[in-house]
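Chains as they are written, first to last, in full-length UniProt numbering: chain D, 1 to 424; chain G, 1 to 424.
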């Protein structure tokens, strides 16, 4: 019988009553004949409670010890779920990351999974047990407990599914799938029944919070069919019935997927634009400006270089809004004199809007339709950045909702994806 | 330099502020040149909080999963202590039981320690680190987390001290040592600076709650010098200065210890007496009565068989008061008809008072002085039980305090121990 991995987030595991509810859901799959491995998060609020104890002791606690503390949250929720399953009459057993073991590298608080030995898990499954594996954590080669960073339980679930060659990894969450854009901004936003791995990767990196980006990378690397779906509705069993439930991240280049030129629209208000003005246009200028920024651990997103007057150039880039002040200080202290810049201007009232779709690869004119749409609404584009399957623009943040709504309509995202290509 | 093991209970670890205080105490020892291993309990209340979550799910949760849950309490407190030590400028590292590893048998929730591999700990100590090891827990040979039962952190500390051949195991608690009897009953009660291992074992088994009895057994088996002392007063360093602090459980048969005929008086109000009356006096009667009691997992303490009338006997025994009703039901349902007993009488208004001392071995007349003292106070003795170093009596519980006070005086326990033998 088929093997599936279920992942439940902190909200689903948030109380004893909710854990009972998760146990009833898992029991249904088990009784229908599925082998089930469950990867839960800690009970909501628990990880914050634990870490705040450490923060009371010192502003920068040792990360090895932080991992020892944080990892207990999932150990408790996993054992509670095993007990709840047993109360449902299902044989069940929980394992902490080190017991499986889930081997990671040594980067405490943001470790990466290197390998998973599933021998114990397979033996338990073969004996008819449901196996519960703590999300978010592992153990390094020296036997130290590690954690994967916020949202790491998604990655744990996908990695376990990859290791077990599961039929699907089902990520249960409080939304019922991945949408063409945020339904709070565009009420006509449509749930996608499928999304390609690359699109999901762009969506995640552009701030769509449904899945942790590293779990998407993992799903892509090991081709794990991963579905995002709601933990609030009754599960559809067998798995084939789930075909119209949630959003499946898949790896098949089927015709239907080709047809979707633009799959979704992502946006973010966490941006700030910095321009270093009137810099002499010499080779190496980008490195002179961005080197110190990178050394200060500030992440740069878009980069733009414009020739303004003869032999001079304006150099612009965007950073996360919270890093703006720090970035400006670095520029004033370490960069301005070196590159002989005239002045620095900043703009923190900007937003980023992106269209994403694998279909862009094979269709010209997608970016043009985007620019035309924004122009018809009187929205000025401040910066543009493109990748193979994504076009992003920086605009005034007061126009963000308008831009998202008009692009959603222009690319017919409220309709079935097949009808889009005719417009181009 | 000398190696010492410190154990701190849940109250000492009860808040971030208190953990800082423990770190400051440990730091003093470390700065004085000692190698220190610390074994903390969970923050007070935490183990109960965790187990109550499991109890909300089912009345009898799986014990393997309970251990997974309960063990997290010490993992958190140990890592917090390591962080607090680092904030004091001391290199420190925490290990969970499975990381050391502390190997136990398979008895979940009441496991026994089989062995401890201290290689990692020794290597850390040699590098100048303080090592924090979770109390209360270990791992069995299959890699499952186990816990040692309530008070198990004492046993962890003594076992770690044995494994490391520590100079002393210092058990910090909220009392400043082991007393000749409870100072709340006898204000003249005196702290003992030393107590023999066998006496401590009897005191622990008789209800003196200072140390878990299994930790005392462990200390005896491996001859670990173990000291009970207060976590509220400033530590005296070097260790030699602690000679007048707390109570040392020791293993040397020195002259001073010989002199103490009676070292302490223990008492307990948790007793109930059951008498099965007028049982035909035949071989095997004790087994017929106590077999079913034992099968019902009820612990029997004292046992007394009195011939009452010809060919008949009264058979009395004591149980913990909370087990009385259950014991009576077992007797009525499974025993009375079989042994042809006339009736069952119970007495739950009884208390047990015991005098304990290694000197009893070599001195006659100790029990006589006890009986004489009680008789002079008009206290009737209902049952008597003796061992090599202990004499216990069951009396009316309303006389318990009076008995303890008059015995404490009769054996001169408020004075220095040397003066006692002259009385006998």
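By construction, the Cβ of each residue, glycine as well, lies at the ideal position given by its N, Cα and C atoms. Just so we're clear, the structure is a prediction, and the values are computed from it rather than from any experiment.
Item                                                                                                                                                                                                                    : Value
Closest to residue 82 of chain G by CA distance: which of D/102, D/88, D/61 and D/77 is it?                                                                                                                             : D/61
Using a Cβ-Cβ distance under 7 Å, would residue 87 of chain G count as near chain D?                                                                                                                                    : yes
Along the region 1–34 of chain D, where does the CB come closer than 8 Å to a CB of chain G? Name the residues.                                                                                                         : 16, 19 and 20
To the nearest angstrom, how far is the alpha carbon of residue 76 of chain G from that of residue 47 of chain G?                                                                                                       : 11 Å
In angstroms with no decimal places, state the Cα-to-Cα distance between residue 319 of chain D and residue 96 of chain D.                                                                                              : 38 Å
Is it the case that the region 156–165 of chain D contacts the region 35–44 of chain D, given that we only count it when at least three CB pairs across the two stretches are under 8 Å?                                : yes
Could you tell me the alpha carbon to alpha carbon distance between residue 339 of chain G and residue 374 of chain G, rounded to whole angstroms?                                                                      : 35 Å
Taking 8 Å as the cut-off, does the region 98–110 of chain D touch the region 167–177 of chain D (at least 3 CB pairs, one atom from each stretch)?                                                                     : no
Does DSSP put residue 377 of chain G in a helix, a strand or coil?                                                                                                                                                      : coil
Determine, using beta carbons only, whether residue 75 of chain G comes closer than 7 Å to chain D.                                                                                                                     : yes
Kindly say whether residue 84 of chain D, judged by its beta-carbon, lies nearer than 7 Å to any beta-carbon of chain G.                                                                                                : yes
Taking its Cβ as the centre, do 16 or more other Cβ atoms sit within 10 Å of residue 223 of chain G, making it buried, or is it exposed?                                                                                : exposed
Going along chain D, which residues have a C-beta under 8 Å from residue 69 of chain G?                                                                                                                                 : 75, 76, 79 and 80
Quick check: residue 134 of chain D and residue 74 of chain D, are their CB atoms within less than 7 Å of each other?                                                                                                   : yes
With a threshold of 7 Å on Cβ separation, who are the neighbours of residue 367 of chain G within its own chain once the five nearest residues in sequence on each side are excluded?                                   : 386 and 391
Kindly list, in the order they appear in chain D, the residues whose Cβ is closer than 7 Å to that of residue 143 of chain G.                                                                                           : 99
Counting only Cβ pairs nearer than 9 Å, list the residues of chain G close to residue 58 of chain D.                                                                                                                    : 83, 84, 86 and 87
Can you give me the Cβ contacts of residue 384 of chain G inside the same chain, cut-off strictly under 6 Å, excluding the 5 residues immediately before and after it?                                                  : 393
Can you name the start and end residues of the alpha helix (DSSP H) that residue 21 of chain D belongs to?                                                                                                              : 16–31
With distances taken from CA atoms, which of G/359, G/4 and G/67 is nearest residue 197 of chain G?                                                                                                                     : G/359
For residue 435 of chain D, does the count of other Cβ atoms within 10 angstroms reach 16, so buried, or fall short, so exposed?                                                                                        : No answer is possible for residue 435 of chain D: it lies beyond the span of chain D, which begins at 1 and ends at 424.
Quick one, which of G/246, G/232, G/185 and G/184 has its alpha-carbon nearest residue 211 of chain G's?                                                                                                                : G/246
Contact criterion: CB-CB distance below 7 Å. Does residue 52 of chain G meet it with respect to chain D?                                                                                                                : no
Check whether the Cβ atoms of residue 35 of chain D and residue 80 of chain D lie closer than 7 Å to each other.                                                                                                        : no
For residue 239 of chain G, which residues from the same chain have a beta carbon less than 7 Å from its beta carbon, with the 5 sequence-adjacent residues on both sides left out?                                     : 2, 4, 167 and 168
Are the region 285–293 of chain G and the region 329–348 of chain G touching, with three or more C-beta to C-beta distances below 8 Å?                                                                                  : yes
State the Cα-Cα distance for the pair residue 194 of chain G and residue 269 of chain G, rounded to the nearest angstrom.                                                                                               : 26 Å
Whether or not the region 138–146 of chain G and the region 223–234 of chain G are in contact is what I'm after, with contact meaning three or more pairs of Cβ atoms, one per stretch, closer than 8 Å; do they touch? : no
Quick one: give me the first and last residue of the alpha helix (DSSP H) that residue 271 of chain G is part of.                                                                                                       : Unbroken run through residue 271 of chain G is the beta strand (DSSP E), 264–280; no alpha helix (DSSP H).
Taking only the alpha-carbon atoms, compute the straight-line gap between residue 44 of chain D and residue 15 of chain D and give it to the nearest angstrom.                                                          : 8 Å
So, is the C-beta of residue 94 of chain D closer than 7 Å to a C-beta in chain G?                                                                                                                                      : yes
Starting from residue 222 of chain G, follow the alpha helix (DSSP H) in both directions and report where the run begins and ends.                                                                                      : 213–222
When you compare only the Cα positions, how much space is there between residue 205 of chain D and residue 300 of chain D?                                                                                              : 13 Å
If you compare alpha carbons, which of G/121, G/129 and G/201 is closest to residue 99 of chain G?                                                                                                                      : G/121
Using a Cβ-Cβ cut-off of 7 Å, state whether residue 147 of chain D counts as contacting chain G.                                                                                                                        : no
For a cutoff of 7 Å on Cβ pairs, would you count residue 408 of chain G as touching chain D?                                                                                                                            : no
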